[in-house]
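Asks: Numbering-wise, the numbering used here comes out as the position in the sequence shown, counting from 1, plus 2. Just so you know, even glycine gets a beta-carbon here, dropped at the ideal spot from N, CA and C.
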Amino acid sequence: LNDLVDVSKGRLYLGHGMCAFFIFTVHIVRLVIFLALFNVPFSSKKGAELFGLYVAPFVIFLAGLISSIFICRSKGWKSRRVVLYITEGVFLAYIVLFGYYFAYFAELYYGNTLIGFGRGGWLLAFAILVAPVFLALFFMNLPFAQTLEIITIAFATFMIIVPLLYGGWPEETDQELIDRLISYNEDYESFCYGYQKEVNPCVFMTKLVNYAVPGIVICTMTLAIVIVSLFVSRSNRKAFVNKKIIKALTKQREETLMKQKKESESLLYSIFPKPVARDLMRSQSKTKAIPESFQSSLGSLSSHANKTFGRTVARMHANITILFTDIVGFTSMSQSCSPYNVMHFLHLLFT
């Protein structure tokens, strides 16, 4: 999850910022205009309640943005996965606040046709005023489990719990629906009774506009968010696994190269005196820090040695005696004796 936050932190910042901007422009600005038009002072009880109801989700998303930036940029904060939990908490708090918002305006959204969106228009209100915030889940790159949890709770809250508690799904017959429409506007009478068809146009259009179209849009958006999140989550998991594999292979290759380097150095120390071997390796490291293979290392050092030995590489050694000797019959003896006996003979002879 820490790697997911590192990859997606820009998207998380953008999601929090867009949600805060949407709430500010659609809700807070609209509230200020509404209170100004109806001369409702902010200091009044209703004005304070409405202002607090709209400002609270804006503050929550803004706080989520600030805390996410702070955690991701803080070097001392190792567990950056906290940002994902903060984001989930922000969306859940938004659901709770706007669930209360719908309950607060239950009469406006569920009962009154002349004001607001009318009976059944709460679906349209949800699609316009609340649901756009959840579109940020398309690109915020949250884990699938968190996205599914947010969408499930939102769908249950706004489509089931609150509407059932406050009459959002009215049980009325077609005739009751027609009578209710006529009671709001007498012009509906000619429209509702002027057609002799099996399907009454008033009933059909009312249910289509207030229930069917917004419901289909909301359900389609919900399914789209869940499906996109599922595929994105799978893609993130594959990318994470591939990253780990590449990291392991790179580490293995580096260890192999370092082992080959040590082997080549050990071989050089066994062939040349230590000062000469160090001089060769020091000169070669300026052109090639780590050899790609053991064979290429030897070839490179051999060619470099040929160039290096063109200059003076002598060293001063004190108290050194050089003995040139020829042992008569050594060749025939070494052919007839075992290597151990030959080496033992040489050891006894020179020590």
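Tell me whether the region 155-168 and the region 246-259 touch, counting them as touching only if at least three CB pairs, one residue from each stretch, are closer than 8 angstroms.
Replies: Touching, no, given that fewer than three Cβ pairs across the two stretches are closer than 8 angstroms.
Asks: Check whether the region 88-106 and the region 54-62 are in contact - that is, three or more C-beta pairs closer than 8 angstroms.
Replies: Yes, since at least three Cβ pairs between the region 88-106 and the region 54-62 fall closer than 8 angstroms, the two stretches touch.
Asks: Nearest-angstrom Cα distance between residue 229 and residue 247?
Replies: Cα to Cα, residue 229 sits roughly 27 angstroms from residue 247.
Asks: So, residue 31 versus residue 129, is the Cβ gap smaller than 8 angstroms?
Replies: No, the pair does not count as a contact, with Cβ atoms beyond the cut-off.
Asks: For residue 243 and residue 235, I'd like the C-alpha separation in whole angstroms.
Replies: Going from the Cα of residue 243 to the Cα of residue 235 covers about 12 angstroms.
Asks: Quick check: residue 83 and residue 74, are their CB atoms within less than 8 angstroms of each other?
Replies: The answer is no: Cβ separation not under 8 angstroms.
Asks: What separation, rounded to the nearest whole angstrom, lies between the Cα atoms of residue 34 and residue 202?
Replies: Each residue's Cα considered, the two are about 41 angstroms apart.
Asks: Look at the Cβ atom of residue 2, then the Cβ atom of residue 152, and state whether they are nearer than 8 angstroms.
Replies: Residue 2 lies beyond the stretch modelled for the chain, which goes from 3 to 353, so this question has no answer here.
Asks: DSSP state of residue 328, grouped into three classes?
Replies: Coil at residue 328, not helix or strand.
Asks: Quick check on the DSSP output: what are the complete beta strand (DSSP E) runs of length 3 or more inside the region 123-167, in order along the chain?
Replies: Correct list: empty.
Asks: Once DSSP output is grouped into helix, strand and coil, what is the label at residue 256?
Replies: Looking at residue 256 - three-state DSSP - the assignment turns out to be helix.
Asks: Which of helix, strand or coil does DSSP assign to residue 76?
Replies: Residue 76 falls in the coil class under three-state DSSP.
Asks: Once DSSP output is grouped into helix, strand and coil, what is the label at residue 339?
Replies: Of the three classes helix, strand and coil, the one that applies to residue 339 here is coil, per DSSP.
Asks: So what's residue 8 in DSSP terms, helix, strand or just coil?
Replies: Residue 8: helix per DSSP, three-state reduction.
Asks: Going along the chain, which unbroken runs of the alpha helix (DSSP H) with 4 or more residues stay wholly within the region 13-57?
Replies: Fully enclosed alpha helix (DSSP H) runs of 4 or longer: 31-39.
Asks: Expressed to the nearest angstrom, what Euclidean distance is found between the alpha-carbon atoms of residue 168 and residue 41?
Replies: Their Cα atoms are separated by approximately 29 angstroms.
Asks: Quick one: is residue 321 buried, meaning 16 or more other Cβ sit within 10 Å of its Cβ, or exposed?
Replies: Label assigned to residue 321: exposed.
Asks: Which whole-angstrom value is the C-beta distance of residue 125 and residue 15, which I expect to be below 8 angstroms?
Replies: Not quite, the Cβ-Cβ distance comes to about 32 angstroms (not below 8 angstroms), so this is no contact.
Asks: Does residue 274 come out as helix, strand or coil in the three-state DSSP assignment?
Replies: Three-state DSSP puts residue 274 in coil, outside helix and strand.
Asks: Answer with buried or exposed for residue 268, where buried requires no fewer than 16 other C-beta atoms within 10 angstroms of its C-beta.
Replies: Exposed, because fewer than 16 other Cβ atoms sit within 10 Å of the Cβ of residue 268.
Asks: My guess is that residue 101 and residue 160 are in contact by the Cβ rule of under 8 angstroms, so how many angstroms apart are they, rounded?
Replies: With 8 angstroms as the limit, residue 101 and residue 160 qualify as a contact, their Cβ atoms being about 7 angstroms apart.
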